[in-house]
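J.:
Number of protein chains: 2
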Amino acid sequence: MLVVKIGGASGVNINSIVTDIANQTASGEKLIVVHGGSELATELGEQLGHPPRFVTSASGHTSRYTDKRTLEIFLMATSLLNRRLVGQLQNLGINAFGLSGLDGRLLVAERKSTIRIVENGKRKILRDDYTGRITNVNIETVRALQYTGHIPVVAPVAISDSGGVALNVDGDRAAARLAGAIEANKLVILSNVSGLLSDLADPNSYIPNISTNDIDDAINNIARGRMKRKLIAAREALDAGVKQVIIANGKIDQPITKALKGEGTLING
Amino acid sequence: MLVVKIGGASGVNINSIVTDIANQTASGEKLIVVHGGSELATELGEQLGHPPRFVTSASGHTSRYTDKRTLEIFLMATSLLNRRLVGQLQNLGINAFGLSGLDGRLLVAERKSTIRIVENGKRKILRDDYTGRITNVNIETVRALQYTGHIPVVAPVAISDSGGVALNVDGDRAAARLAGAIEANKLVILSNVSGLLSDLADPNSYIPNISTNDIDDAINNIARGRMKRKLIAAREALDAGVKQVIIANGKIDQPITKALKGEGTLING
Chain A
0 MLVVKIGGAS GVNINSIVTD IANQTASGEK LIVVHGGSEL ATELGEQLGH PPRFVTSASG
60 HTSRYTDKRT LEIFLMATSL LNRRLVGQLQ NLGINAFGLS GLDGRLLVAE RKSTIRIVEN
120 GKRKILRDDY TGRITNVNIE TVRALQYTGH IPVVAPVAIS DSGGVALNVD GDRAAARLAG
180 AIEANKLVIL SNVSGLLSDL ADPNSYIPNI STNDIDDAIN NIARGRMKRK LIAAREALDA
240 GVKQVIIANG KIDQPITKAL KGEGTLING
Chain B
0 MLVVKIGGAS GVNINSIVTD IANQTASGEK LIVVHGGSEL ATELGEQLGH PPRFVTSASG
60 HTSRYTDKRT LEIFLMATSL LNRRLVGQLQ NLGINAFGLS GLDGRLLVAE RKSTIRIVEN
120 GKRKILRDDY TGRITNVNIE TVRALQYTGH IPVVAPVAIS DSGGVALNVD GDRAAARLAG
180 AIEANKLVIL SNVSGLLSDL ADPNSYIPNI STNDIDDAIN NIARGRMKRK LIAAREALDA
240 GVKQVIIANG KIDQPITKAL KGEGTLING
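Those sequence lines, one after another, are chains A and B.
Going by numbering that gives the first Met the number 0, the final residue of the first sequence carries number 268, and the count climbs one at a time with no gaps.
Going by numbering that gives the first Met the number 0, the final residue of the second sequence carries number 268, and the count climbs one at a time with no gaps.
Given below as structure tokens:
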């Protein structure tokens with residue numbers, strides 16, 4: 000069992016990823032696909048006159064402030080990506096089935112309605128944020144889809160634990176939690192970089208291996224920006240029992256096949 | 000087994016429909032929900048600087064010309080509605096599960112890539128249209144969801160019979176085909192009118208009963224605009240074995256309960 004996360008950033012080659020998913024499926028691999036959508040959400044927000052507002056928490060993490068309208072834009076953007084992926088996979092004869100964490104309460108999250116940020120050196124509190132931290136995965140839904148021969152394609156949206164509010168969740172961490180819940184051996188995280196880079200100026204300088212003991216050090220001292228989140232997701236996946244996480248290049252041909260052969264940053268549990 | 004179509008036009012009271020779906024489900028009714036999205040698609044298209052273009056066929060039917068961009072807008076709008084409905088139902092404790100006709104190839108359609116229209120009295124051919132006519136329903140997917148305790152909520156999008164192209168399909172007709180395939184007893188079509196009106200100026204002038212023999216006459220001589228499509232959908236549902244179609248008011252409290260008690264235009268097979 001393999002979980003593949005497809006990053007939403009520009010440069011990621013969706014065609015080659017989709018073709019490789021078809022190859023993997025043909026060779027008998029059981030797959031779950033999770034995707035992002037941040038870039039398309041940003042684009043759509045700008046087109047709709049509601050550009051994203053990125054905020055930085057006291058601990059230094061950057062995230063998208065998700066007010067009600069931003070949430071709706073995020074839902075539309077991730078749904079469009081989901082439909083596109085399902086269509087492309089179906090076109091290759093793969094019986095893909097799109098869903099979000101709302102459907103059958105697949106991904107349940109605790110809403111972070113108040114976020115503490117730092118802006119121009121000042122601490123502020125933002126309310127009415129629609130983001131969440133996943134607390135529970137109802138994996139039976141995905142198992143049932145797999146049992147009926149489908150390849151689940153999951154959008155990074157969760158449902159509030161206390162009701163039916165849709166929440167923006169981090170796609171990498173959603174993939175990690177799904178991989179843990181489905182007892183996947185491996186999680187492949189594809190993005191527009193070739194792995195955890197030791198030198199940001201050199202796109203080929205990816206670190207081939209990180210041991211579990213070194214993840215925290217890598218998060219704090221090597222990773223920048225989005226890569227911090229990917230490593231946090233990797234740690235969550237390993238904590239949940241996944242054997243190996245591979246952070247790999249999604250811009251190349253056969254990205255999954257190559258990742259599984261060791262091209263990328265391998266993190267072993 | 001009951002199929003409920005929720006119209007996408009303004010005035011339809013989503014809250015009262017969702018509450019009534021919860022009531023029906025609590026009383027043991029097995030339900031499938033199908034929704035529209037035309038109004039939200041129009042709104043979104045206008046916001047994005049790509050307003051809809053409505054065209055009239057040689058036979059007098061009006062439809063949305065769906066170029067590539069309009070298709071994407073339609074996918075986003077219907078997905079947003081789908082996510083909203085699923086969230087609202089989940090909020091009431093109903094284990095809703097959203098899907099479109101792409102997922103598991105639920106709704107397969109023949110693409111009408113060339114449409115013949117009349118504009119300013121002249122005949123024209125429009126190409127690159129992304130609309131379709133449903134040719135096949137893979138109902139096993141919906142049965143599997145019902146078996147696992149879910150209420151399917153279906154967006155009016157189909158997949159091309161020859162591959163993986165998403166297609167805009169008429170929501171009423173999609174509901175009719177689903178109702179036939181799942182062997183539903185009844186199809187309730189809720190919109191912002193109280194039924195087939197004998198007098199368009201009087202919103203309460205709905206015709207209480209139409210026999211199968213009279214449908215064609217009603218389509219040709221009584222119905223106007225969208226109501227023609229609803230009657231065509233009703234005829235398709237009856238042809239597919241559904242026992243009764245009810246075209247009813249979606250603006251009121253308990254719209255499904257009242258429709259099932261006979262408030263609306265009843266068409267018996």
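Note that beta-carbon positions come from the ideal geometry of N, C-alpha and C, so glycine has one too.
Taking only beta carbons into account, state which residues of the segment 7-35 of chain A come closer than 9 Å to chain B, listed in chain order.
T.: Answer in chain order: no residues at all.
J.: Between A:Ile5 and chain B, is any beta-carbon pair separated by less than 8 Å?
T.: It does not; no Cβ of chain B falls within 8 Å.
J.: If I measure Cβ to Cβ from B:Asp19 and keep anything under 7 Å in the same chain, skipping five residues before and after, which residues do I get?
T.: The answer, listed in chain order, is Gln253, Pro254, Ile255 and Thr256.
J.: Short of 8 Å in beta carbon distance, which residues of its chain neighbour A:Val17, apart from the five on each side in sequence? Order them along the chain.
T.: Once the five neighbours on either side are set aside, the close Cβ partners of A:Val17 are Leu84, Gln87, Leu88 and Leu91.
J.: Would you kindly check if the distance between the Cβ of A:Thr134 and the Cβ of A:Lys111 is under 8 Å?
T.: Not in contact: A:Lys111 and A:Thr134 (Cβ atoms no closer than 8 Å).
J.: Using a 10 Å radius around the Cβ and a threshold of 16 neighbouring Cβ atoms, would you call A:His149 buried or exposed?
T.: By the neighbour-count rule (16 or more Cβ atoms within 10 Å), A:His149 is buried.
J.: Using the Cα positions of B:Ala222 and A:Asn191, report the straight-line distance between them to the nearest angstrom.
T.: The alpha-carbon atoms of B:Ala222 and A:Asn191 are separated by roughly 55 Å.
J.: Taking the DSSP output, what are the residues bridged to B:Gly163?
T.: Partner(s): none; B:Gly163 has no beta bridge.
J.: Are the segment 143-161 of chain A and the segment 54-66 of chain A touching by the rule of at least three beta carbon pairs closer than 8 Å?
T.: At 8 Å Cβ cutoff, the stretches do not touch.
J.: Between which two residues does the beta strand (DSSP E) carrying B:Glu109 extend?
T.: B:Glu109 -> beta strand (DSSP E) spans Leu106 to Arg110.
J.: Buried or exposed for A:Glu235, going by 16 or more other Cβ atoms inside 10 Å?
T.: When all chains shown are included, A:Glu235 counts as buried.
J.: What are the residues in the segment 174-205 of chain A lying within 9 Å of chain B by C-beta distance?
T.: Within the segment 174-205 of chain A, no residue has a Cβ that lies closer than 9 Å to any Cβ of chain B.
J.: Look at the Cβ atom of B:Ala95, then the Cβ atom of A:Ala143, and state whether they are nearer than 8 Å.
T.: No. Outside cutoff.
J.: Can you pull the chain B neighbours of A:Thr147, defined as C-beta to C-beta under 9 Å?
T.: Going along chain B in sequence order, the residues near A:Thr147 (Cβ under 9 Å) are Gly103, Glu139, Thr140 and Ala143.
J.: What residues match up with A:Tyr64 in a beta bridge as DSSP calls it?
T.: BP columns for A:Tyr64 point to A:Arg52.
J.: Let's test the definition: count the other Cβ atoms within 10 Å of the Cβ of A:Ile72 and tell me whether it reaches 16, buried, or not, exposed.
T.: So A:Ile72 ends up on the buried side.
J.: Using DSSP with H/G/I as helix, E/B as strand and the rest coil, what is A:Val2?
T.: In the structure shown, A:Val2 sits in a strand (DSSP, three-state: E or B).
J.: Can you find the residues in the same chain that come closer than 6 Å, C-beta to C-beta, to B:Ser9, ignoring five residues on each side of it along the sequence?
T.: Closer than 6 Å at the Cβ level, and outside the excluded window around B:Ser9, lie Glu38.
J.: What residues match up with A:Tyr270 in a beta bridge as DSSP calls it?
T.: Residue 270 of chain A is absent from the structure shown; chain A starts at 0 and stops at 268.
J.: So, is the C-beta of A:Glu262 closer than 8 Å to a C-beta in chain B?
T.: With 8 Å as the cut-off, A:Glu262 does not count as an interface residue toward chain B.
J.: Which of the three DSSP states, helix, strand or coil, is assigned to B:Ala154?
T.: In this structure, B:Ala154 counts as strand in the three-state DSSP scheme.
J.: Around the Cβ of B:Asp102, are there at least 16 other Cβ atoms within 10 angstroms (buried) or fewer (exposed)?
T.: Buried.
J.: What are the boundary residues of the beta strand (DSSP E) that includes B:Thr130?
T.: Careful: B:Thr130 lies outside any beta strand (DSSP E) and carries neither H nor E.
J.: Tell me which residues share the same chain as B:Glu118 and place their Cβ nearer than 8 Å to its Cβ, disregarding the 5 neighbours each side in the sequence.
T.: Counting only Cβ-Cβ distances below 8 Å, and skipping sequence neighbours, we find Val54 and Thr55.
J.: Quick check on B:Gln87 - is its C-beta less than 8 Å from some C-beta in chain A?
T.: Chain A contact via Cβ: present.
J.: Does the CB of B:Ser112 have a neighbour CB from chain A at under 8 Å?
T.: No - not a single Cβ of chain A is within 8 Å of the one on B:Ser112.
J.: Count the other C-beta atoms from every protein chain shown that fall within 10 angstroms of the C-beta of B:Glu271, then say buried if there are 16 or more, exposed otherwise.
T.: Summary: the structure shown does not reach residue 271 of chain B, with chain B confined to residues 0 through 268, and so no result is reported for it.
J.: DSSP on A:Ser210, reduced to helix/strand/coil?
T.: Residue state, collapsed to three classes: strand.
J.: At what residues does the alpha helix (DSSP H) containing B:Glu139 begin and finish?
T.: First-last of the alpha helix (DSSP H) with B:Glu139: Glu139 to Tyr146.
J.: Name the DSSP bridge partner or partners of B:Val244?
T.: B:Val244 is bridged to B:Leu186 and B:Ile266.
J.: For chain B, check one thing: does any of its Cβ atoms lie closer than 8 Å to the Cβ of A:Val136?
T.: No, A:Val136 does not count as interfacial toward chain B.
J.: Within the 8 Å Cβ cut-off, does B:Gly162 reach chain A?
T.: Yes, because at least one Cβ of chain A sits closer than 8 Å to the Cβ of B:Gly162.
J.: If contact is defined by three or more beta carbon pairs under 8 Å, each pair taking one atom from either stretch, is the segment 167-184 of chain A in contact with the segment 25-38 of chain A?
T.: Yes: at least three Cβ pairs fall under 8 Å.
J.: Which same chain residues, not among the five before or five after A:Lys67, have their C-beta less than 6 Å away from its C-beta?
T.: Cβ neighbours of A:Lys67 beyond the five flanking positions: none.
J.: Any residues in the segment 67-83 of chain A with a beta carbon nearer than 7 Å to a beta carbon of chain D? Which ones, in chain order?
T.: No chain D is present in this structure, whose protein chains are A and B.
J.: Going straight from the alpha carbon of B:Pro278 to that of A:Ile116, what length do you get?
T.: Past the boundaries of the shown model lies residue 278 of chain B; chain B is included only from 0 to 268, so the question cannot be answered.
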